[in-house]
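Colleague: In this text, residue positions in the sequence shown follow my numbering: the first is 12, and each later residue adds one. The C-beta atom is built at its ideal place from N, Cα and C for all residues, glycine as well. Since the structure is predicted, the reported quantities are computational estimates derived from the model, not experimental observations. Would you mind keeping the following structure in view while I ask a few things?
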Amino acid sequence: MTNVAVLVPPSGGPAGLATYRAVFGGPVFDLSFAAVGLSSAGHDLLARADILAVAPSARGTGDGGAEVAATLRDAARRNCRILAVGGAVLTVAAAGLLDGRRVSTCPAFAEELRRRYPRVRTAVGVRYVDDDPIFTAADGPAGLDLCLHLVRKYHGAAAAAAIARTL
């Protein structure tokens, strides 16, 4: 069983949550959602995650605050795979985890990413980037492809194809 935790920042909205639920809500994944300002149970969910998917901020600012940044850095230290789609890339960049890495994001966030985090190598026009253990996607449709890519990494092409058929 692969543990997937979705980290919802303080201003997190519903964007992206449906994709995570559709792909990782199946029988080979243990999917959970945890919001910032967590109870100890929420911290435990995040601490045992194999994949930490970051929900985008509703405001698109990427400012998840100190607790989100610390949670992401802790996950990175224990080699958890981190997944960010669209504006969620800004949240991961704010935690300092993308310096020197190539990342995908949509044109709407690319300029802000370049301005605020000049050491991040922004790849606009690329659907998703697998820079294991960091995975980024430009937008929702590319995020779906990226999630299926992670299914293949963990459980093989047959499992990814089965999930894709149900979608």
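Suppose only complete runs of 4+ residues qualify. What are the alpha helix (DSSP H) ranges in the region 102-143, listed by chain order?
Modeller: Here the runs fully enclosed are 118-127.
Colleague: If you draw a straight line from the C-alpha of Asp118 to the C-alpha of Val39, how long is it?
Modeller: Reading off the sequence, residue 118 comes out as Pro, not Asp. If I take the Cα positions, the gap works out to 34 angstroms.
Colleague: Quick one: residues in its chain with C-beta nearer than 8 angstroms to the C-beta of Ala175, no 5 flanking neighbours on either side, listed in chain order?
Modeller: Excluding sequence neighbours, Ala175 sits near Leu159.
Colleague: For the alpha helix (DSSP H) that contains Leu155, what are its first and last residues?
Modeller: Note, Leu155: alpha helix (DSSP H), Gly151 to His166.
Colleague: Using a threshold of 8 angstroms, state whether the C-beta atoms of Thr30 and Tyr165 are closer than that.
Modeller: Not closer than 8 angstroms, so no.
Colleague: Pair every Cβ in the region 133-141 with every Cβ in the region 86-95, then say whether three or more of these pairs are closer than 8 angstroms.
Modeller: No, because fewer than three Cβ pairs between the region 133-141 and the region 86-95 fall closer than 8 angstroms, the two stretches do not touch.
Colleague: Do you know whose CA, among Val15, Ala168 and Ala171, lies nearest Cys91's CA?
Modeller: Of Val15, Ala168 and Ala171, the residue nearest in Cα terms is Val15.
Colleague: Between which two residues does the beta strand (DSSP E) holding Ala148 run?
Modeller: From DSSP, the beta strand (DSSP E) with Ala148 extends over Ile145 to Ala148.
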